[in-house]
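Heads up: the sequence lines are chains A and B, in that order.
Mapping to the numbering used here: the first sequence position 99 is 104, numbers consecutive.
Mapping to the numbering used here: the second sequence position 84 is 92, numbers consecutive.
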Amino acid sequence: MRSLVVLDGTVGTADRQARALGAFLRDGSTGHPAAETLVFFSDDRDMGRLVEQAPTRGVRLVKTAERRPDAIVDILSAAARDAENQLFIFTGGYSGTELATRLAHRTGGTVMTDALSIEIGPERLTCRRPVYSNHMVGSFELAARPWCVSIDVSWDDEAAAARREHVVLSSTDETGAAGGPDETPFEDLELVEPPPTGDLEQSRFLVVAGAGAGSRDGVERIAAAARRMGAEFAVSRPVAMSAWAPMDRLIGVSGTRTAPELCIVAGASGAPALYWGIEKAGFIAAIDLDERAPIAKSADAVILDDGVAVIEELAEIIAPKRE
Amino acid sequence: MNAMRILVRFKVTPDYEALREADWAAGEGDCSDRSGAAEADARAGSGVASGVETRYVPRILDCFDESALEMALRMRDATASDGVPVDLGAISVGGREVEPHLKTLQALGYERATRVHVDAGLDFAPTVTASIIARYVQETNKTDLLMLGCRNGPDDAGTLPFLVAEELGWPCVTQVTEVMVLSDDRVRVAHMVDDGLLRVTVRLPCVLGVGNAVVARLRVPTLTARLARREAHIEHVQTSDLGIDVVSGLAGESYVLTGLEVVRRDRSGTIIGGQTPREKAQTLFDSHLKSLMGKL
Ligand SMILES: Cc1cc2nc3c(=O)[nH]c(=O)nc-3n(C[C@H](O)[C@H](O)[C@H](O)COP(=O)(O)OP(=O)(O)OC[C@H]3O[C@@H](n4cnc5c(N)ncnc54)[C@H](O)[C@@H]3O)c2cc1C
């Protein structure tokens, strides 16, 4: 039995994919059979770098059209016909979900997304992943093969970046396989760089506003206080959905995951889907009117009072010390 | 010009944020004895199908599905004056809890409202759900564009849009944040990808999975609209009409949930005392934040 790790180098996230897959292979999976990496690329100039990043020693290169997950699924389906290839591991995020799901459907296998860990047995694969909006972790047993697993986006580790020898086992060109423009239902692709969220990922001091801010004005006052304190500013889903702040400020399972030294949460109840975005914080202070809000238990310190008022007072105290 | 026929699939779910810590803890443990027939029984009709008791919790529209429902209304509004006529349908697979939502949608202008009767819990059975939706779309042959939320609890796997699309052999775009109708067979879509936001024109038929669109709330119908549509017909479909046997489908689902554990996130939760916001802020700073300032 062999597992194939899929690195999609036709999109701009290959570095991150490689780090995440490397970390998962090292710490997230047990009972692993021999693994190889299938590297997809569309630009020859990327080839060398992608091989170097591959999280396994053995690498197979496949050239394919850019941004054509359908073409990648076709190529993977063909690879799955080799009975040795029983486990496919994909990166976390949107593209991993798509590739794993489609491949499993086409091959009669089983898909499991957002894997926190897997245990590979001779007959079954066991996988743990978040369920119930991150309130719980479920264990699943997968029967039908190939097992198509995409890993949770929390997998990422700088230290897992590949520093190993690689052997290129094969190299093929499948650019023709995607079909011409007449065959695709997709036209006029235009990639818009989104406002970067890197400031949130890198943030050491983060202020989060939730629906308890009460209004756009409340959210803006919290944002202004955050700026005075030299903190980055983020929001919960209801705040972003009400357009009280831009969508790139969203943290949580649908947004960015952060790891600040200090995080101050004002008026967010601490639902697991949000909390996931701040759980790596060193210290969490929460301001909420309700002592029964989940955040009151999952913060280090809690102030029971109005979020906007307290944040503005904190800004008065902290701003002068941060100049 | 032909109308663009949009079908929106939605799910009614328990409001998980309304469950207490003890409810989650009670759901913890081994689910593996619920295999085979026991699993089908456990799934049938109860809220404890997967181990967590949710029967007493209010039901809400899944948040991503709610965005999809409102987005389709906005597409209709945007084309009302000059563009392509849009014909709206809504479908949900489930029990009686979906009916009030179908009524609301009818009052908002959804012409077709369909409930596929299923009593068994399909919470961890996305392939069964996908085949029901796909079969309905094929049998009725009245859909150009199928919209649904990107992910649904409690499974949260995000696989459903792709599974339905694969069943239908249609293209699929997920994490959609905006849709514009270009003609009766083309839409321009903005959707999030891992490295940015992609705009793309898609030829219909297709499946769109709605993501973080800034279209959070479904509008509320007026009383007059509700009254006007009071007698509107809800289509009731049995899975057997679609040639689907849910029990054997569940037994054949290629994965089983075998256990659940609560994710513990407790920290010390020290309450900071004081009379005024100023006093509390000062105490928090002195007792905890001051020592952290050097690290920021
Ligand atoms: C699949 C899925 C994905 C999701 N992804 C995300 C995500 O990525 N990010 C996210 O944030 N959510 C996400 N959610 C939603 C999440 O479950 C919660 O609904 C959301 O986080 C709640 O936001 P909130 O805390 O701002 O609002 P609420 O839960 O309404 O909390 C408001 C809080 O403010 C307090 N409050 C009220 N007035 C004041 C005041 N004057 N001063 C101080 N406190 C006050 C209240 O006591 C309450 O605790 C997701 C949900 C699902 C189903």
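Glycine residues also receive a C-beta, built at the ideal position from the N, C-alpha and C atoms.
- For Pro22 of chain B, the enclosing beta strand (DSSP E) begins and ends at 20–22.
- Taking every protein chain shown into account, the CB of Met200 of chain B has 16 or more other CB atoms within 10 angstroms, so this residue is buried.
- Near chain A, meaning a CB-to-CB distance below 9 Å, the residues of the region 195–210 of chain B are Arg196, Ala198, His199, Met200, Val201, Asp202, Asp203, Gly204, Leu205, Leu206, Arg207, Val208, Thr209, Val210.
- Within the same chain, and ignoring the five residues on either side of Ala271 of chain A in sequence, the residues whose Cβ sits closer than 6 Å to its Cβ are Ala214, Ile227, Ile292, Gly312, Ile316.
- Distances from the alpha-carbon of Tyr99 of chain A to those of A:Leu92, A:Gly113, A:Asp119, A:Ala88 put A:Asp119 closest.
- Closest in alpha carbon position to Gln58 of chain A, among A:Arg168, A:Asp49, A:Ile256, A:Trp281, is A:Arg168.
- In the three-state scheme derived from DSSP, where H, G and I count as helix and E and B as strand, Lys68 of chain A is classed as strand.
- Closest by C-alpha distance to Arg63 of chain B, out of B:Gly129, B:Arg196, B:Asp202, is B:Gly129.
- Interface criterion not met: the Cβ of Glu186 of chain B is under 8 Å from no Cβ in chain A.
- With the criterion set as a beta carbon lying under 9 Å from some beta carbon of chain A, the region 143–154 of chain B has no members that meet it.
- Each of B:Glu175, B:Arg17, B:Gln183, B:Ser89 was checked against the Cα of Arg111 of chain A, and the nearest Cα belongs to B:Glu175.
- Note that the C-beta distance between Arg21 of chain A and Glu41 of chain A is not below 8 Å.
- Annotation: Phe170 of chain B is outside any beta strand (DSSP E); the continuous alpha helix (DSSP H) that includes it extends over 168–176.
- Put simply, the backbone Cα of Lys68 of chain A is about 14 Å away from that of Leu174 of chain A.
- For Cys71 of chain B, the distance from the CB to the nearest heavy atom of ligand 1 is below 7 Å.
- For Glu243 of chain B, same chain residues with a beta-carbon under 6 Å away, outside a window of 5 residues either side, are Thr122 in chain order.
- For Val258 of chain A, the shortest separation between its Cβ and any heavy atom of ligand 1 lies below 7 Å.
- Along the region 131–156 of chain A, the positions whose C-beta sits under 7 Å from a C-beta of chain B are Pro135, Val136, Tyr137, Ser138, Asn139, His140, Met141, Val142, Gly143, Ser144, Phe145, Glu146, Leu147, Ala148, Ala149, read in chain order.
- The way I'd put it, the region 14–26 of chain B does touch the region 98–111 of chain B; three or more beta-carbon pairs between them come closer than 8 Å.
- If you look at Phe210 of chain A, you'll find it in the beta strand (DSSP E) that goes 210–214.
- In the pairwise beta carbon analysis, the region 137–157 of chain B is classified as touching the region 244–259 of chain B: at least three pairs are separated by under 8 Å.
- In this chain, the beta strand (DSSP E) harbouring Asp13 of chain A covers 7–13.
- Taken in chain order, the complete alpha helix (DSSP H) segments of 4 residues or longer contained in the region 290–325 of chain A are 300–303, 312–323.
- The way I'd put it, the region 202–222 of chain A does touch the region 239–251 of chain A; three or more beta-carbon pairs between them come closer than 8 Å.
- When 7 Å is used as the limit between beta carbons, Gly277 of chain B is near these residues of chain A: Ala301, Lys302, Ala304, Val307, in chain order.
- Residues of the same chain with a CB within less than 8 Å of the CB of Ser220 of chain A, apart from the 5 flanking positions on each side, are Trp249 in chain order.
- Separation of Glu261 of chain B and Asp90 of chain B (C-alpha to C-alpha, rounded to the nearest whole angstrom) is 46 Å.
- Apart from sequence neighbours up to five positions away, the residues of its chain that approach Leu30 of chain A with a beta-carbon distance below 6 Å are Pro60, ordered along the chain.
- A residue is called buried when at least 16 other Cβ atoms come within 10 angstroms of its Cβ; Pro108 of chain B does not meet this threshold and is exposed.
- Within 7 Å of the C-beta of Leu211 of chain A there is not a single heavy atom belonging to ligand 1.
- The beta carbon of Glu318 of chain A falls within 8 Å of a beta carbon belonging to chain B, placing the residue at that interface.
- Residue state for Leu69 of chain B is assigned as strand, using DSSP reduced to three classes.
- Annotated three-state conformation of Ser176 of chain A is strand, per DSSP.
- Per DSSP, reduced to three states, the secondary structure at Asp249 of chain B is helical.
- Beta-carbon to beta-carbon, Ala198 of chain B and Thr182 of chain B are separated by about 12 Å, too far to satisfy the 8 Å threshold.
- The beta carbons of Cys39 of chain B and Thr266 of chain B sit closer together than 8 Å.
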